[in-house]
Amino acid sequence: MPAGKVVIGIPVYGRTWTLRDAGVNGIGAPANGTGPGEPGGVMLYSDVVEFNWRNATVVVYDDVVVAAYSYGGTAWVGYDDRRSVKAKARYGRRKGVGGYFLWALGFDDKRWSLSRRENLEAKKESDRKRGKGRKS
């Protein structure tokens, strides 16, 4: 499939799990089931931010999977943060994909941390391709 026909989807939510053992908390750690949040262990990004703040969680960025996760006690949540969204958009631009989308914008925090940053970077990149912003 031509790269220009591919669109990368970036979630603006996390997936939560209840860990079997609070001391074993990396990606792939054994879990008893879904954790806090919406049914099925879904947690909107705005709720992830609040969850991390209220629970003084440990936040980890994983360079291999290009995503973040946080844990506190037996509660665990994996999600895309500003760093991973930026990395995924940059990857898409390098590969020449047709674009990317965030699902769903309304799940972002009140500062639009994920979507604002990406919109600005995408606009700058598209402006460069069109020759806008160049000094004559």
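At position 116 of the sequence shown the residue is numbered 116 (the working numbering), and the sequence of numbers has no breaks. We put the beta carbon where it would ideally sit given N, CA and C, even for glycine.
Could you check whether residue j and residue i sit closer than 8 Å to each other, using their CB atoms as the reference points?
i          : j          : result
residue 59 : residue 84 : no
residue 5  : residue 92 : no
residue 72 : residue 56 : yes
residue 69 : residue 13 : no
residue 76 : residue 25 : yes
residue 63 : residue 27 : no
How many angstroms separate the CA atom of residue i from the CA atom of residue j?
i           : j           : result
residue 15  : residue 43  : 6 Å
residue 74  : residue 109 : 24 Å
residue 35  : residue 23  : 16 Å
residue 112 : residue 49  : 12 Å
residue 54  : residue 87  : 27 Å
residue 90  : residue 38  : 30 Å
Judging by CA-CA distance, which residue of the options is the nearest neighbour of residue i?
i           : options        : result
residue 114 : 82, 91 and 104 : 82
residue 32  : 87, 17 and 63  : 17
Who are the near neighbours of residue i in its chain, counting only those whose CB is closer than 8 Å to its CB and skipping five residues on each side?
i           : result
residue 101 : 7, 8, 9 and 10
residue 46  : 107, 108, 109 and 110
residue 1   : none
Going by beta carbon distance, what residues of the same chain come within less than 6 Å of residue i, once the five residues before and after it are set aside?
i           : result
residue 105 : 115
residue 29  : 19
residue 3   : 95, 96 and 97
residue 21  : none
Can you list, in chain order, the residues of its chain whose CB lies under 7 Å from that of residue i, leaving out five sequence neighbours each side?
i          : result
residue 52 : 59 and 70
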